[in-house]
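Residue numbers (our numbering): 286 to 608.
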């Protein structure tokens with residue numbers, strides 16, 4: 286599963302946006318390019334439900350789903366006008382906006398954090414204070430270090446009380462091989478299950494319980510120009526996605542079948558269990574909290590992840606909440 290990869294360099298691409306016109310939504314379907322944040326996984330089940338049940342088509346949209354070749358692509362391509370809409374992350378959007386990229390959250394897919402500090406219970410770790418002297422693996426400098434700093438501070442620790450080791454995205458192998466004692470950035474709905482399927486007992490510190498402000502794990506993003514030029518397309522897209530989430534929650538077995546039908550190679554126990562673990566986190570509302578965006582931006586700024594703060598209203602909009 287995709288980690289919350291953070292784009293740390295400003296993409297100084299030409300922001301020429303060759304967008305399809307608004308079109309007559311009541312007539313021919315309007316083409317919309319929509320990119321996932323990474324390879325298909327159970328986080329995306331409501332998207333596949335909306336596609337297979339024709340929910341986007343009912344809104345007059347012809348959604349062309351794309352999978353990125355690189356996890357940094359969705360945000361960059363949306364900013365450059367090469368993709369109309371994409372899935373991204375609240376931390377990524379906040380960082381990108383601070384660096385001048387004109388992207389904004391227009392909806393929610395996963396409404397709560399999935400990141401944790403994870404460990405095997407046979408390591409002896411039980412509280413954040415037990416991380417003292419431990420080797421802790423990370424993938425994304427800056428953001429994940431900030432998460433870890435908050436968790437360890439709740440146990441009275443500071444940087445230097447533990448050893449940080451860059452393990453790229455090999456979180457599960459690093460724990461199983463004892464390369465590290467714990468990892469930051471592991472998802473409670475995926476890596477935990479991978480480890481349990483290996484017969485391991487897993488412990489984790491859910492970051493929002495240890496000083497990290499609540500944030501949206503997966504959001505739907507569009508560029509400022511798309512928001513200005515194609516508001517009705519975005520409104521219809523978010524309405525269809527909301528119905529996809531509602532149908533997923535109401536009929537999870539049918540929803541998972543729709544996902545496996547589109548992705549037959551993913552039909553296994555890991556993805557079945559990951560989907561069940563993800564169900565509680567799908568967004569129940571598309572109304573985004575201004576306080577949540579503000580407090581999380583303050584957190585990133587306080588930890589030096591961003592050099593400057595953006596006006597909060599530049600980070601998200603509730604203009605497309607279904608009425």
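C-beta atoms are modelled at their ideal positions from N, C-alpha and C, and glycine is treated no differently.
Sort out for me which residues DSSP pairs residue i with in a bridge.
i           : result
residue 316 : 347
residue 404 : 467 and 488
residue 472 : 400
Taking the alpha-carbon positions, what's the residue i to residue j distance?
i           : j           : result
residue 560 : residue 357 : 24 Å
residue 464 : residue 588 : 27 Å
residue 286 : residue 554 : Its pLDDT being 43, under 50, residue 286 is placed unreliably in this model, and the coordinates cannot settle the point.
residue 369 : residue 446 : 45 Å
residue 270 : residue 552 : Because residue 270 is not part of the residues shown, which for the chain are 286 to 608, the question remains open.
residue 575 : residue 597 : 7 Å
residue 306 : residue 604 : Legend: pLDDT at residue 306 = 39, less than 50; position of this residue unreliable, value from coordinates given subsequently. Cα to Cα, residue 306 sits roughly 19 Å from residue 604.
residue 521 : residue 346 : 8 Å
residue 602 : residue 513 : 12 Å
residue 595 : residue 484 : 45 Å
residue 475 : residue 403 : 11 Å
residue 323 : residue 398 : 17 Å
residue 308 : residue 432 : With a pLDDT of 41 at residue 308, under the threshold of 50, the modelled position of that residue is not reliable, and no figure is offered here.
residue 316 : residue 489 : 43 Å
residue 448 : residue 608 : 50 Å
residue 310 : residue 565 : With a pLDDT of 47 at residue 310, under the threshold of 50, the modelled position of this residue cannot be trusted; read the value that follows with caution. When rounded, the distance between both Cα atoms is 34 Å.
residue 329 : residue 408 : 33 Å
residue 339 : residue 333 : 10 Å
residue 359 : residue 371 : 6 Å
residue 558 : residue 541 : 11 Å
residue 337 : residue 543 : 7 Å
residue 391 : residue 354 : 23 Å
residue 473 : residue 562 : 8 Å
residue 376 : residue 538 : 31 Å
residue 523 : residue 381 : 22 Å
residue 609 : residue 314 : Nothing about residue 609 can be reported from this structure: the residues present for the chain run from 286 to 608 only.
residue 571 : residue 528 : 11 Å
residue 600 : residue 486 : 39 Å
residue 440 : residue 573 : 31 Å
residue 519 : residue 510 : 12 Å
residue 533 : residue 365 : 32 Å
residue 606 : residue 577 : 17 Å
residue 480 : residue 506 : 32 Å
residue 531 : residue 321 : 19 Å
residue 456 : residue 471 : 7 Å
residue 556 : residue 461 : 20 Å
residue 536 : residue 418 : 46 Å
residue 351 : residue 362 : 11 Å
Closer than 8 Å: is that where the CB of residue i sits relative to any heavy atom of the ligand NAP?
i           : result
residue 383 : Within the structure as shown, the ligand NAP is missing, as the structure has no ligands at all.
So the candidates are the options; which of them puts its Cα closest to the Cα of residue i?
i           : options               : result
residue 497 : 424, 585 and 351      : 585
residue 385 : 591, 607, 606 and 608 : 591
residue 379 : 518, 539, 535 and 504 : 504
residue 373 : 393, 462, 426 and 436 : 393
residue 405 : 331, 482 and 391      : 482
residue 469 : 352, 583 and 401      : 401
residue 454 : 430, 422, 325 and 487 : 422
residue 388 : 577, 362, 320 and 508 : 508
residue 494 : 413, 325 and 327      : 413
residue 550 : 350, 430 and 326      : 326
Over what stretch of residues does the beta strand (DSSP E) that includes residue i continue unbroken?
i           : result
residue 491 : 487-491
residue 449 : 448-451
residue 507 : 503-508
residue 421 : 420-423
residue 393 : 388-395
Can you tell me where the alpha helix (DSSP H) holding residue i begins and where it ends?
i           : result
residue 428 : 428-438
residue 330 : 330-337
residue 620 : Residue 620 falls outside the range modelled here, since the chain spans only 286 to 608, and no answer is possible.
residue 457 : 456-461
Complete alpha helix (DSSP H) runs within the segment 512-542 (minimum length 4 residues, chain order): Listed in chain order, the complete alpha helix (DSSP H) runs (minimum 4 residues) inside the segment 512-542 are 516-535.
Entirely enclosed alpha helix (DSSP H) segments - the segment 536-605, minimum 4 residues: Complete alpha helix (DSSP H) runs here, min 4: 537-547, 554-563 and 575-587.
Those runs of the beta strand (DSSP E) which lie wholly inside the segment 352-381 and span at least 3 residues: Taking only runs of at least 3 residues, the beta strand (DSSP E) segments lying wholly in the segment 352-381 are 370-373.
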